[in-house]
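Below you'll find the structure, written out as structure tokens, and then a few comments.
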Amino acid sequence: MLDQAKTPFEIRDYIRQQLFPHFMCPGCGHGIALRALLWAIHDLGIAKDDLAIVSGIGCSGRIGAYIDANTFHTTHGRPLAFATGLKLARPDLHVIVITGDGDCLAIGGNHLIHACRRNLDITCLMLNNEIYGMTGGQVSPTTSSDRYTTTTPEGNYEPVFDACKLAQGAGAGFVGREMTLQTPSLKKLIQQGIAHPGFSFLEVISDCTEIYGRKNDLGESAEMVLSQKADFRSASYGMIADEVFQPRNVKTGVLYKDDRPEYAQAYRQKIASRAKK
Amino acid sequence: MSSVQNIQGNHACALAAVAAGCRFYAGYPITPSSEIAERMSVELPAVNGIFVQMEDEIASMGAIIGASMGGAKTMTATSGPGFSLKQENLGYAAATEVPCVIINVMRGGPSTGMPTRPAQGDVMQARWGTHGDHPIIVLTPWSVQEIYQQTLRAFDLSEALRVPVVVLIDEVIGHLVESVDLAKMNTGNPVERKWADSSQEDFQPYAHTEDLVPPMPRPGDGYRTHTTGLTHAENGFPTQDPEVANRVISRLLQKLEHHNDLVECVNQSDCKDAEIVIVAYGITARAAQSAKQQLQGEGVKVGIFRPITLWPFPQQTFSEAIANARLVLVPEMNAGQLIVEIERYRNDSTRIIGLNRYDGEPISPQQIFNKVKEVLQDA
Amino acid sequence: MSETQIRLSGSGGQGLQLAARILVSGLALEGRNISLSQSYEPTSRGGLSRSDLVVGSSTGYPLVSAIDYLVILDQIAVENSLGLIKNDSTVIVDSERVDSPPDGAHTTISLALIQTAREIGNVRAANVVSLGVLAGLSGICSQKSLLQAIRDTVPARFIDLNLEALARGYALVSAEKSKDTQLTAVS
Numbered sequence: 003m004l005d006q007a008k009t010p011f012e013i014r015d016y017i018r019q020q021l022f023p024h025f026m027c028p029g030c031g032h033g034i035a036l037r038a039l040l041w042a043i044h045d046l047g048i049a050k051d052d053l054a055i056v057s058g059i060g061c062s063g064r065i066g067a068y069i070d071a072n073t074f075h076t077t078h079g080r081p082l083a084f085a086t087g088l089k090l091a092r093p094d095l096h097v098i099v100i101t102g103d104g105d106c107l108a109i110g111g112n113h114l115i116h117a118c119r120r121n122l123d124i125t126c127l128m129l130n131n132e133i134y135g136m137t138g139g140q141v142s143p144t145t146s147s148d149r150y151t152t153t154t155p156e157g158n159y160e161p162v163f164d165a166c167k168l169a170q171g172a173g174a175g176f177v178g179r180e181m182t183l184q185t186p187s188l189k190k191l192i193q194q195g196i197a198h199p200g201f202s203f204l205e206v207i208s209d210c211t212e213i214y215g216r217k218n219d220l221g222e223s224a225e226m227v228l229s230q231k232a233d234f235r236s237a238s239y240g241m242i243a244d245e246v247f248q249p250r251n252v253k254t255g256v257l258y259k260d261d262r263p264e265y266a267q268a269y270r271q272k273i274a275s276r277a278k279k
Numbered sequence: 042m043s044s045v046q047n048i049q050g051n052h053a054c055a056l057a058a059v060a061a062g063c064r065f066y067a068g069y070p071i072t073p074s075s076e077i078a079e080r081m082s083v084e085l086p087a088v089n090g091i092f093v094q095m096e097d098e099i100a101s102m103g104a105i106i107g108a109s110m111g112g113a114k115t116m117t118a119t120s121g122p123g124f125s126l127k128q129e130n131l132g133y134a135a136a137t138e139v140p141c142v143i144i145n146v147m148r149g150g151p152s153t154g155m156p157t158r159p160a161q162g163d164v165m166q167a168r169w170g171t172h173g174d175h176p177i178i179v180l181t182p183w184s185v186q187e188i189y190q191q192t193l194r195a196f197d198l199s200e201a202l203r204v205p206v207v208v209l210i211d212e213v214i215g216h217l218v219e220s221v222d223l224a225k226m227n228t229g230n231p232v233e234r235k236w237a238d239s240s241q242e243d244f245q246p247y248a249h250t251e252d253l254v255p256p257m258p259r260p261g262d263g264y265r266t267h268t269t270g271l272t273h274a275e276n277g278f279p280t281q282d283p284e285v286a287n288r289v290i291s292r293l294l295q296k297l298e299h300h301n302d303l304v305e306c307v308n309q310s311d312c313k314d315a316e317i318v319i320v321a322y323g324i325t326a327r328a329a330q331s332a333k334q335q336l337q338g339e340g341v342k343v344g345i346f347r348p349i350t351l352w353p354f355p356q357q358t359f360s361e362a363i364a365n366a367r368l369v370l371v372p373e374m375n376a377g378q379l380i381v382e383i384e385r386y387r388n389d390s391t392r393i394i395g396l397n398r399y400d401g402e403p404i405s406p407q408q409i410f411n412k413v414k415e416v417l418q419d420a
Numbered sequence: 415m416s417e418t419q420i421r422l423s424g425s426g427g428q429g430l431q432l433a434a435r436i437l438v439s440g441l442a443l444e445g446r447n448i449s450l451s452q453s454y455e456p457t458s459r460g461g462l463s464r465s466d467l468v469v470g471s472s473t474g475y476p477l478v479s480a481i482d483y484l485v486i487l488d489q490i491a492v493e494n495s496l497g498l499i500k501n502d503s504t505v506i507v508d509s510e511r512v513d514s515p516p517d518g519a520h521t522t523i524s525l526a527l528i529q530t531a532r533e534i535g536n537v538r539a540a541n542v543v544s545l546g547v548l549a550g551l552s553g554i555c556s557q558k559s560l561l562q563a564i565r566d567t568v569p570a571r572f573i574d575l576n577l578e579a580l581a582r583g584y585a586l587v588s589a590e591k592s593k594d595t596q597l598t599a600v601s
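Chains as they are written, first to last, in this note's numbering: chain A, 3 to 279; chain B, 42 to 420; chain C, 415 to 601.
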């Protein structure tokens, strides 16, 4: 652990300021998630040189570029595949994947379940804003029922994924969820996830104010974020009838944790036992 | 004692990869390439390497790029449908200039096609399968010995030029067992990647260096650079500035031409005085070689032009080789792919003729012999 | 030494690929260059199986184009080789499983290969009986090298069986030769 952990967290120490102003829309929850991540890294004493951020495509994928570390912006849905190669080749690096609900659960769903199953020591941060923001607001696997998107003009009729249940079912050694509203809790969860020796899946409840929020009349960013706390979407806005939105009963915090053998360790043990024969 | 062994093509490929320094393999089972993965799962752990069977072809390609970004020499092997699935990430490797080797043991297509039958239908896909203008090197060995040599060379080219290299192997050669002397072929001196070692201050990961191949920053060495498939400026960050985009893409596209002395590899015989030149690659070139002996026995002036490096196509060397030929015959186990490229370089007096077969059987020496006799009679 | 093209064919599960590996191993002991290609089909039992060997290729072409010695252990394999048989080819067929061997001017020898294997206790040894016949007729590889090849290639518990199968193959050739003087010339 570096001495940095003893000093107060200063976000400017961890970001590439030369890229500012950043691309995120006003009110986007991803910036809060980014801050929480960097804060966790600071407190864990991880050196920036030893940090590898692997991201996919979409709004979530773009935030990796702002981190002053070894950053890899890969292809849509594939960051876990790239990260698997990187971590296996370089066990000395802390590999953190930043992905979104579309990137991780739709186009990258197969990679997610197998990354969970393998239980390689990677931290996967899935920023869930319930929408494909970068492409203009199409329905995603986590878009809530009856929400309007550019591809569900009559409201969403598809069931949603519970990403955390999926990750746990697929074998992730550490599963947690937190809201951007509670940055210190989010930071703590990320810290625990990174420290866990195995695959950790962390769902971050983010918000897309500009596209999703406006399309569904969910209010300004503060209102959207506060609605996370209420554990259900406020019913007081606009055209959608109150009864449509049920309380989501979203559980937060550490949802699952076990000490299943980590993949690279299991691999090396197997090879060592073969060499002895 | 002689070091000659009887060895299968796919097996030779795996051994060459390890000899070249490959220490990471990710793959997915697919006929007729699976023996390569099976062999790598035995060989790599013995040299402290990593073998991983991924959930699909896309992930395999992603994983080898990820491992290569970390500094390992990496390879994957596949066939037809799997090669299609790899194209997206292959383009990423080309754009981000991450070295990696992709083996495609070709089988009959289209689609699932004929999994156990030979074909050469992926020639154009190997060049243009991923979207956008991009550099790529494609090698076509014609024997088990050459699978070994060209796999070694694939790693050397990939590492030296920071470009993905595809080795197209015919199914029949992948599964052929031949007597080869591997010890003689391994130079034991593989090319190592040019790693960044200059000042970390203002380091430009995609600098326009004189040799057009910028040194690669290794994670952990303090450069902390950004890698992205988005069009990126010399500093590695995305750009949409037309002037910058033109400049950086141009460097990418000129890279291989600049190093043509390394990239080009042609085997030609008797082309200079030939009235008919046969252009062939892989097993088809061996049929042509066999037919040529028979034809020369009958006094036919025939030459063979065999582009071992198929892409980039050796256009200059080819134009010179056919300067005196009246006829060019292009036998291919497809409906006519390389012939399209060849037609671009013909001179006005040369006739280009195809000999094509896509029924899952190799083109035989007799077929080529007959075709040459036929076209000479017509001409 | 001149080029010799050999095909061992039959149905999947008859052990022809192992027989080819033994032959390749024997030829390697004698310093011969070989090319071995094998049929490679989605089904591994019952369907057509063949192993092709080009020994000492004169043109460098590794695939069989005109067979000198053809072994057929099952009727299913007959059709695949039609067109590759020359007038001076020798075709060795199993008398039990091959009812209609290929027609033509070539020499056809029908022998109780499978029955011989059965007699020594394992029908699966027909592959190596055939190999003994092939080697006895063609002289492509010495018996000494093949014996060594069996020891190098076959799992330990099957070595004795295969050594006997090879000897029985050679014996079939001797018996045949004593009946037919024409065959003496072939070897």
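Glycine residues also receive a C-beta, built at the ideal position from the N, C-alpha and C atoms. Quantities reported herein were computed from a predicted structural model and do not represent experimental measurements.
What does the alpha-carbon distance come out to for the pair leucine 351/B and valine 478/C?
Position 310 of the second sequence, counting from 1, holds the residue named residue 351/B. Position 64 of the third sequence, counting from 1, holds the residue named residue 478/C. Straight-line spacing of the CA atoms in leucine 351/B and valine 478/C works out to 27 Å.
Residue range of the beta strand (DSSP E) that includes valine 45/B:
Residue 45/B sits at position 4 when you count from the first residue of the second sequence. Note, valine 45/B: beta strand (DSSP E), 45-49.
Do you know offhand how far methionine 81/B's Cα is from threonine 119/B's?
As a first step, residue 81/B must be located in the second sequence, where it is residue number 40. As a first step, residue 119/B must be located in the second sequence, where it is residue number 78. About 13 Å.
Beta strand (DSSP E) runs contained entirely in the segment 62-101 of chain A, provided each spans 3 or more residues:
Entirely contained in the segment 62-101 of chain A, the beta strand (DSSP E) runs reaching 3 residues are, in chain order, 72-75.
Quick check on histidine 113/A: buried or exposed, where buried means 16 or more other Cβ atoms within 10 Å of its Cβ?
Position 111 of the first sequence, counted from the start, is the residue given in the question as residue 113/A. It counts as buried.
For the alpha helix (DSSP H) holding glutamine 356/B, just list the boundary residues, first then last.
As a first step, residue 356/B must be located in the second sequence, where it is residue number 315. Taken as a continuous stretch (DSSP letters only), the alpha helix (DSSP H) holding glutamine 356/B covers 356-362.
Tell me the DSSP secondary structure of tryptophan 236/B in three-state form.
Along the second sequence, read from residue 1 onward, the residue named residue 236/B stands at position 195. Looking at tryptophan 236/B - three-state DSSP - the assignment turns out to be strand.
What span of residues does the alpha helix (DSSP H) with phenylalanine 31/B cover, start to end?
No statement about residue 31/B is possible, as the shown extent of chain B runs from 42 to 420 and does not include it.
Roughly how many whole angstroms lie between the Cα atoms of alanine 480/C and asparagine 576/C?
Your numbering for residue 480/C matches position 66 in the third sequence. Your numbering for residue 576/C matches position 162 in the third sequence. Cα to Cα, alanine 480/C sits roughly 29 Å from asparagine 576/C.
Restricting to runs no shorter than 3 residues, where is the beta strand (DSSP E) found entirely within the segment 82-132 of chain B?
Listed in chain order, the beta strand (DSSP E) runs fully inside the segment 82-132 of chain B are 91-94, 114-119, counting runs of at least 3 residues.
On the three-state DSSP scale, how would you describe asparagine 112/A?
Working through the first sequence from its first residue, we reach residue 112/A at position 110. Asparagine 112/A carries a helical assignment under DSSP once its states are collapsed to helix, strand and coil.
Residue of Val507/C, Asn536/C, Val512/C minimising C-alpha distance to leucine 586/C
Here residue 586/C refers to the residue found at position 172 when the third sequence is read from its first residue. It is Val507/C.
List the whole-angstrom C-beta distance separating serine 514/C from leucine 525/C, where the pair is believed to meet the contact cut-off of C-beta under 8 Å.
Walking along the third sequence from the start, residue 514/C turns up at place 100. Walking along the third sequence from the start, residue 525/C turns up at place 111. That belief does not hold up - the Cβ atoms of serine 514/C and leucine 525/C are roughly 16 Å apart, past 8 Å.
Confirm the yes/no value for this check: CB of glutamine 20/A, any heavy atom of the ligand ZN, distance under 8 Å.
Of the ligands one can find in the structure shown there are none, so the ligand ZN has no counterpart to examine.
State the DSSP-derived secondary structure class of methionine 181/A, mapped to helix, strand or coil.
Sequence index remark: in the first sequence, residue 181/A carries index 179 (1-based). The answer is strand: DSSP assigns methionine 181/A an E or B state.
Exposure label - arginine 276/A; buried when at least 16 CB within 10 Å:
Numbered from 1 along the first sequence, position 274 holds the residue referred to as residue 276/A. Under this definition arginine 276/A is an exposed residue.
Any alpha helix (DSSP H) of 4 or more consecutive residues that is wholly inside the segment 432-487 of chain C:
Counting whole runs of 4 or more residues, the segment 432-487 of chain C contains no alpha helix (DSSP H) stretch at all.
Check each candidate in Pro143/A, Thr144/A, Thr137/A, Ala165/A and name the one with the smallest Cα separation from threonine 152/A.
Looking up residue 152/A in the first sequence gives position 150. Of the candidates Pro143/A, Thr144/A, Thr137/A, Ala165/A, the one whose C-alpha sits nearest the C-alpha of threonine 152/A is Thr137/A.
Can you name the start and end residues of the alpha helix (DSSP H) that threonine 125/A belongs to?
For the purposes of this step, residue 125/A is taken as the residue at position 123 of the first sequence. No alpha helix (DSSP H) contains threonine 125/A, which is instead part of the beta strand (DSSP E) from 125-130.
Relative to the C-alpha of leucine 336/B, which residue among Gln407/B, His300/B, Glu233/B, Leu223/B is closest?
Position 295 of the second sequence, counted from the start, is the residue given in the question as residue 336/B. A check of alpha carbon separations from leucine 336/B across Gln407/B, His300/B, Glu233/B, Leu223/B identifies Gln407/B as the nearest.
Assuming glycine 429/C and glycine 460/C are in contact, meaning their beta carbons sit under 8 Å apart, how far apart are those beta carbons, in whole angstroms?
Mapped onto the third sequence, residue 429/C falls at position 15. Mapped onto the third sequence, residue 460/C falls at position 46. No, glycine 429/C and glycine 460/C are not in contact; Cβ-Cβ is about 14 Å, not under 8 Å.
CB contact below 9 Å: valine 343/B versus chain C
Locating residue 343/B in the second sequence gives position 302, counting from the first residue. Valine 343/B does not count as touching chain C.
Looking at the structure shown, is glycine 171/A part of a helix, part of a strand, or coil, going by DSSP?
Position 169 of the first sequence, counted from the first residue, corresponds to residue 171/A. Judged by DSSP in its simplified three-state form, glycine 171/A adopts helix.
Contact list for the segment 436-464 of chain C against chain B, Cβ threshold 9 Å:
Within the segment 436-464 of chain C, the residues whose Cβ lies closer than 9 Å to some Cβ of chain B are Val438, Ser439, Leu441, Ala442, Gly445, Arg446, Asn447, Ile448, Ser449, Leu450, Ser451, Gln452, Ser453, Tyr454, Glu455, Pro456, listed in chain order.
Selection of the segment 349-366 of chain B by Cβ proximity to chain A, strictly under 8 Å:
Under the 8 Å Cβ criterion, the segment 349-366 of chain B contributes no residue.
Residues of the segment 470-489 of chain C whose Cβ lies closer than 7 Å to any Cβ of chain B, in chain order:
Those residues of the segment 470-489 of chain C placed with their C-beta closer than 7 Å to a C-beta in chain B are Thr473, Gly474, Tyr475, Pro476, Leu477, Ser479, ordered along the chain.
According to DSSP, what are the bridge partners of aspartate 302/B?
Within the second sequence, the letter at position 261 stands for residue 302/B. Bridge pairing for aspartate 302/B: absent [DSSP].
Tell me the rounded alpha-carbon separation between arginine 435/C and lysine 558/C.
Taking the first residue of the third sequence as 1, we reach residue 435/C at position 21. Taking the first residue of the third sequence as 1, we reach residue 558/C at position 144. CA-to-CA, the gap between arginine 435/C and lysine 558/C works out to about 16 Å.
Considering Cα atoms alone, identify which of Val304/B, Arg234/B, Ala160/B, Ala58/B is closest to asparagine 397/B.
Reading the second sequence from its first residue, position 356 is the one you call residue 397/B. Of Val304/B, Arg234/B, Ala160/B, Ala58/B, the residue nearest in Cα terms is Ala160/B.
What does DSSP give as the partner residues of phenylalanine 203/A in its beta bridges?
In the first sequence, residue 203/A corresponds to position 201, counting from 1. In the DSSP assignment, phenylalanine 203/A is bridged to Cys126/A, Val177/A.
Rounded to the nearest angstrom, what separates threonine 272/B and glycine 58/A at their Cα positions?
Looking up residue 272/B in the second sequence gives position 231. Looking up residue 58/A in the first sequence gives position 56. Cα-Cα distance, rounded: 15 Å.
From arginine 464/C to glycine 424/C, what distance separates their C-alpha atoms?
Mapped onto the third sequence, residue 464/C falls at position 50. Mapped onto the third sequence, residue 424/C falls at position 10. The straight-line gap from Cα to Cα measures roughly 6 Å.
Alpha carbon to alpha carbon, what distance is there between glutamine 230/A and leucine 129/A?
Sequence index remark: in the first sequence, residue 129/A carries index 127 (1-based). Sequence index remark: in the first sequence, residue 230/A carries index 228 (1-based). Their backbone Cα atoms lie some 14 Å apart in a straight line.
Cα-Cα separation, isoleucine 69/A to arginine 14/A
In the first sequence, the residue the question calls residue 69/A occupies position 67. In the first sequence, the residue the question calls residue 14/A occupies position 12. Isoleucine 69/A and arginine 14/A have their alpha carbons spaced roughly 10 Å apart.
Could you tell me whether the Cβ of phenylalanine 278/B comes closer than 9 Å to any Cβ of chain A?
By 1-based counting over the second sequence, the position of residue 278/B is 237. Residue-level contact by beta carbon holds for phenylalanine 278/B and chain A, with a gap shorter than 9 Å.
When the cut-off is 9 Å and only beta carbons count, does glycine 102/A lie next to chain B?
In the first sequence, the residue the question calls residue 102/A occupies position 100. Cβ-Cβ to chain B under 9 Å: no for glycine 102/A.
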